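J.:
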Amino acid sequence: MALLPTAAQAGLGDRSLRVGKRGADVRALQGYLDAAGYTLTQSGRYDRRTRARVQAFQNDHGLRPTGVVTRPLARMIRRAATAPPGYGGTAFDPDPPKPSGPVPADLKIVPGNRAKVLPDGTAAAPANAPAEVKRVIASGNEIATLPYKWGGGHGSWRDTGYDCTGSVTYAFRTTFRRGRYPTFGYSDWQLPGEGKWVTVYSNSGHVYAVIAGLRFDSSGLRVAGSRWTSQERSAASFVARHPAGF
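For the sequence shown, the residue numbers in the numbering used here are 501 to 746.
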């Protein structure tokens, strides 16, 4: 009967990992998560910070956020960290987003600093907003009224529906992307606190953004039929992050 590997010898996926575990496989897990955009140091100790990153990964991929790394989850994390450019997580993305570009000519503009929800469910960008913010609004408009879909937007940029993380990430895809993949966590994204133009609010179960004064939130579909809404919601249980300069 073969002997089980010791913690120092274990490879990622050889055993389930949870808070309190130590070893080479934990160090490998932390390295793969860091490479996939979930910032971590490779301490070799599965601590609460590591669990939070695992839960963020699970949330981003439509999984129950148990914080326990099983063999199938270990494979998913490894694939996300090592996929070649243009890979969307489950299939090659034939239409990868461009990191920048001009503001779309058909984007509606309104005076001032605050965006406005239009009758068709899209948003008009404020004239005073930076070009980057206008591009985010234009991207959000592309999916503003598409249905909610659990895990939507995690396998490819183009999908028939988007969940909460997939929605925010799609809106950011041409401007505030991080890494090579369609989906990433927001618990440690960019800078802490609220931004002047863009703020992301996240907790263990939900993510939404406020862009130029409008909330871009998949939960808005239930009320107004659009992710864009001027209605505020409590951010008491959420962590606020914002992109540098915005």
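The beta carbon of each residue, even a glycine, is placed where N, CA and C say it ideally should be.
None of these values were measured; they are calculated from a predicted model.
What number of angstroms, rounded off, separates the C-alpha of tyrosine 708 from the C-alpha of glycine 544?
T.: Roughly 32 Å between the two C-alpha positions.
J.: Determine the DSSP secondary structure at alanine 740, reduced to helix, strand or coil.
T.: If DSSP states are grouped into helix, strand and coil, alanine 740 belongs with the strands.
J.: Would you decide whether leucine 691 is buried or exposed? Buried here means 16 or more other CB atoms lie within 10 Å of its CB.
T.: By the neighbour-count rule (16 or more Cβ atoms within 10 Å), leucine 691 is not buried but exposed.
J.: What would DSSP say about valine 526, mapped onto helix, strand or coil?
T.: Residue state, collapsed to three classes: helix.
J.: Count the other CB atoms within 10 Å of the CB of tryptophan 650; is the residue buried (16 or more) or exposed (fewer)?
T.: Tryptophan 650 should be labelled exposed.
J.: Have a look at aspartate 636 and histidine 561 and give me their C-alpha separation to the nearest angstrom.
T.: Note that residue 636 is valine in the sequence shown here, rather than aspartate. If you take the alpha carbons of valine 636 and histidine 561, they lie about 22 Å apart.
J.: Using the Cβ count rule (16 or more neighbours within 10 Å means buried), how would you classify arginine 722?
T.: The residue in question, arginine 722, is exposed, as its Cβ has fewer than 16 Cβ neighbours within 10 Å.
J.: If you follow the beta strand (DSSP E) that leucine 714 is in, where does it begin and where does it stop?
T.: Unbroken beta strand (DSSP E) run through leucine 714: 714-716.
J.: Of all Cβ atoms in chain B, is any one closer than 8 Å to the Cβ of glycine 640?
T.: The structure shown contains no chain B; it holds only a single protein chain.
J.: With DSSP as the reference, please indicate the residues paired to threonine 729 in a beta bridge.
T.: Answer is Arg715.
J.: Is it true that the CB of arginine 522 sits closer than 8 Å to the CB of tyrosine 538?
T.: No, these two residues do not count as a Cβ contact at 8 Å.
J.: Spatial neighbours of tyrosine 662 within its chain, please: C-beta separation below 8 Å, excluding the five flanking residues on both sides.
T.: These residues qualify, in order along the chain: Ile643, Leu646, Tyr648, Lys649, Gly652, Gly653, Tyr670, Ser718.
J.: So for alanine 627, helix, strand or coil by DSSP?
T.: Coil at alanine 627, not helix or strand.
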